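*Asks:* First residue of the sequence shown: 115, per the working numbering; consecutive thereafter. I am attaching a structure below and will ask some questions about it afterwards.
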Amino acid sequence: MIEFFMPMIPPETTHQQKQVHVVKGKPHFYEPDELKAAREKLMGNLAKFVPKKKIMGNVRLIVKWCFPISADHQDGEYKFTKPDLDNSNKLLQDCMTKLGFWKDDSYVVSLVIEKFWAKLPGIYIRIEEL
């Protein structure tokens, strides 16, 4: 099992914010600067937790996104505003795959994701080999 917490203000830019433009009738996808910065932030914070050996079997991934408290919210209250969890987690899993946590994110066969308002912002991650 791998378990860690990355204290940070989680990026609110998601994988879904990729852009496309057409050149000579062909679509070309690219990442806007904001998405590149979010990817770099995640990669930089994840890098110190990469296992020495890639996980080669099925995993359960538990992720808790903890966003800074704002307005009238309380510590531990579920966050029901953007960003969407599935889009945020897609970017996170892509970064984890690229860094070598596992061979491919298709190995994630169980996924539990939650987002909260929190006094201590960051991302909690637990990876269990099944």
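Yeah, the Cβ is synthetic: ideal placement off N, Cα and C, and Gly gets one too. It should be emphasised that the depicted structure is a prediction, and the values quoted were computed from it without experimental measurement.
For leucine 156, which residues in the same chain have their Cβ closer than 7 Å to its Cβ, ignoring the five residues on either side in sequence?
*Replies:* If we look at leucine 156 and ignore the five residues flanking it on each side, its Cβ neighbours are Pro125, Leu205, Leu206, Cys209.
*Asks:* Just grab the DSSP bridge partners of histidine 229 for me.
*Replies:* One detail in the question is off: residue 229 reads as lysine in this sequence, not histidine. Per DSSP, Trp179.
*Asks:* Rounded to whole angstroms, what is the Cα-Cα separation between tryptophan 231 and glycine 139?
*Replies:* So the two alpha carbons sit approximately 45 Å from each other.
*Asks:* Expressed to the nearest angstrom, what Euclidean distance is found between the alpha-carbon atoms of glutamine 188 and lysine 233?
*Replies:* Whole-angstrom Cα-Cα distance: 8 Å.
*Asks:* Could you work out which residue in Lys178, Ile176, Glu117, Thr195 is closest to alanine 185 when comparing CA atoms only?
*Replies:* The residue with the shortest Cα to Cα distance from alanine 185 is Thr195.
*Asks:* Exposed or buried, which one is proline 197 when buried takes at least 16 other CB atoms within 10 Å?
*Replies:* The residue is buried, with at least 16 neighbouring Cβ atoms inside 10 Å.
*Asks:* Quick one: residues in its chain with C-beta nearer than 7 Å to the C-beta of aspartate 218, no 5 flanking neighbours on either side, listed in chain order?
*Replies:* Cβ within range, chain order: Thr211.
*Asks:* Skipping 5 residues on each side, what residues in its chain have a beta carbon closer than 6 Å to that of lysine 178?
*Replies:* Within the same chain, lysine 178 has close Cβ partners Glu228, Tyr238.
*Asks:* Beta-carbon within less than 6 Å of tryptophan 216's beta-carbon, same chain only, minus the 5 sequence neighbours each way: which residues are those?
*Replies:* Lys168, Ile169.
*Asks:* Taking the beta carbon of tyrosine 192 as the centre, do at least 16 other beta carbons fall within 10 Å, making it buried, or is it exposed?
*Replies:* So tyrosine 192 counts as exposed.
*Asks:* Roughly how many angstroms lie between the CA atoms of methionine 120 and valine 164, to the nearest whole one?
*Replies:* Cα to Cα, the separation comes out at about 13 Å.
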